[in-house]
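Participant:
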Amino acid sequence: MGRIIAIANQKGGVGKTTTAINLSSCLAEKGKRVLSVDMDPQGNLTSGLGMEKGSVDKTIYDLIIGEASVDEVIVKNEIDNLEIIPTSIDLSAAEIELIDIEDKEFILKNAIEKVKDNYDFIIIDCPPSLSMLTINAMTTADSVLVPIQCEYYALEGLSQLIHTVQLVKDRLNTKLEIEGVVFTMYDARTNLSLQVVENVKDNLEQNIYKTIIPRNIRLAEAPSYGMPINLYDSKSAGAESYRNLAEEVINRK
Numbered sequence: 012m013g014r015i016i017a018i019a020n021q022k023g024g025v026g027k028t029t030t031a032i033n034l035s036s037c038l039a040e041k042g043k044r045v046l047s048v049d050m051d052p053q054g055n056l057t058s059g060l061g062m063e064k065g066s067v068d069k070t071i072y073d074l075i076i077g078e079a080s081v082d083e084v085i086v087k088n089e090i091d092n093l094e095i096i097p098t099s100i101d102l103s104a105a106e107i108e109l110i111d112i113e114d115k116e117f118i119l120k121n122a123i124e125k126v127k128d129n130y131d132f133i134i135i136d137c138p139p140s141l142s143m144l145t146i147n148a149m150t151t152a153d154s155v156l157v158p159i160q161c162e163y164y165a166l167e168g169l170s171q172l173i174h175t176v177q178l179v180k181d182r183l184n185t186k187l188e189i190e191g192v193v194f195t196m197y198d199a200r201t202n203l204s205l206q207v208v209e210n211v212k213d214n215l216e217q218n219i220y221k222t223i224i225p226r227n228i229r230l231a232e233a234p235s236y237g238m239p240i241n242l243y244d245s246k247s248a249g250a251e252s253y254r255n256l257a258e259e260v261i262n263r264k
């Protein structure tokens, strides 16, 4: 039975989608069967894993509004062991279309339930907001992985996210836990990065992954080529970091 991890932070630009893409790919590289689900209407996970936006007939949007089954929206990928549920910009309209739908918080959960035994890991990339799409991801997930950028405002909004996870746990998904926090965009040349890491460790009672993702040019370039970092530049610091993170995620029971 697959472990379902939602990758969430309502702040944009913290390395959320980068983490979803590269964690998915590095888990697949280690022989795990992985399904990546793109719940962000921007579609950066979809394109970052080499799929042309708009090139597929059915996306997560069709699934959410009830016009496609889960089997119809899963797309095979060129990367071994990795399949994708792509998104499209249409997904941004789903919030409005779901207003009168019963049990709208559980649409994704009910769909994923049918296929989760086919995978070791299901990674859901959430939009950078606490929307109905994010709630759907959290009702589906076993845990939430939170990327935090090593910058001055890192903790801002984090308490809100933790509060939301707790609300979802209390009301909609009793098994939901915080998988842990992973630091991203770490710059070893600055004292600030180090201070942020120490500050978060002092103020947070959550699991914090040992792996820290560096600020890395190759990591920033990879999505524009539609490739995860372990394919784009296998020997880069970014690739090594995400392999280490994948290993930590696998070993966390």
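Sequential numbering from 12 applies to the sequence shown in the numbering used here.
Note that CB positions come from ideal geometry on N, CA and C, so glycine has one too.
What three-state label does DSSP hand S170 in the structure shown?
Facilitator: helix
Participant: Can you tell me where the alpha helix (DSSP H) with G13 in it begins and where it stops?
Facilitator: Run containing G13: none; DSSP gives neither H nor E here.
Participant: Run through DSSP, which three-state label would M143 get?
Facilitator: helix
Participant: According to DSSP, is G23 part of a helix, a strand, or is it coil?
Facilitator: coil
Participant: Measuring alpha carbon to alpha carbon, tell me which residue in V192, G191, T175 is nearest N184.
Facilitator: T175
Participant: How far does the beta strand (DSSP E) with V126 in it reach, from first residue to last?
Facilitator: Segment: none, V126 is in no beta strand (DSSP E) and carries neither H nor E.
Participant: Assuming the contact rule is C-beta atoms closer than 8 Å, R254 and N241 should be a hit. Round their C-beta distance to whole Å, please.
Facilitator: 7 Å
Participant: Which stretch, first to last residue, makes up the alpha helix (DSSP H) that contains G59?
Facilitator: Note, G59: alpha helix (DSSP H), 55 to 59.
Participant: Can you tell which of D181, E63, D131, S80 has its C-alpha closest to the C-alpha of I100?
Facilitator: E63
Participant: Compare the Cα-Cα distances from G42 to each of L203, D91, F194 and report the closest residue.
Facilitator: D91
Participant: Beta-carbon within less than 6 Å of A79's beta-carbon, same chain only, minus the 5 sequence neighbours each way: which residues are those?
Facilitator: K69, D73
Participant: Classify K125: buried if its beta carbon has 16 or more other beta carbons within 10 angstroms, exposed otherwise.
Facilitator: exposed
Participant: Would you identify the three-state DSSP class for V67, choosing helix, strand or coil?
Facilitator: coil
Participant: Applying the criterion that 16 or more other CB atoms from any shown protein chain within 10 Å of the CB defines a buried residue, is T195 buried or exposed?
Facilitator: buried
Participant: Report the three-state DSSP secondary structure of M62 (helix, strand or coil).
Facilitator: coil
Participant: Distance check for I75 and N33, CA to CA, integer angstroms please.
Facilitator: 25 Å
Participant: Measure the CB-CB distance between D131 and V45 and report whether it falls below 9 Å.
Facilitator: yes
Participant: Does the Cβ of S66 have 16 or more other Cβ atoms within 10 Å, making it buried, or fewer, making it exposed?
Facilitator: Its Cβ having fewer than 16 others within 10 Å, S66 is exposed.
Participant: Roughly how many angstroms lie between the CA atoms of I133 and A248, to the nearest whole one?
Facilitator: 25 Å
Participant: DSSP on M196, reduced to helix/strand/coil?
Facilitator: strand
Participant: According to DSSP, simplified to helix, strand and coil, what is S103?
Facilitator: helix
Participant: Excluding the five sequence neighbours on either side, which residues of its own chain have a C-beta within less than 6 Å of the C-beta of Y197, listed in chain order?
Facilitator: C161, S204, I223, P225
Participant: Since I147 and L119 are thought to touch, with beta carbons under 8 Å apart, how far apart are those beta carbons, to the nearest angstrom?
Facilitator: One point to set straight first is that residue 147 is Asn, not Ile, in the sequence displayed. So it is a contact: roughly 4 Å between Cβ atoms.
Participant: Between K27, D49, S235, which lies nearest to I135 when the distance is taken from Cα to Cα?
Facilitator: D49
Participant: Distance check for I107 and S142, CA to CA, integer angstroms please.
Facilitator: 11 Å
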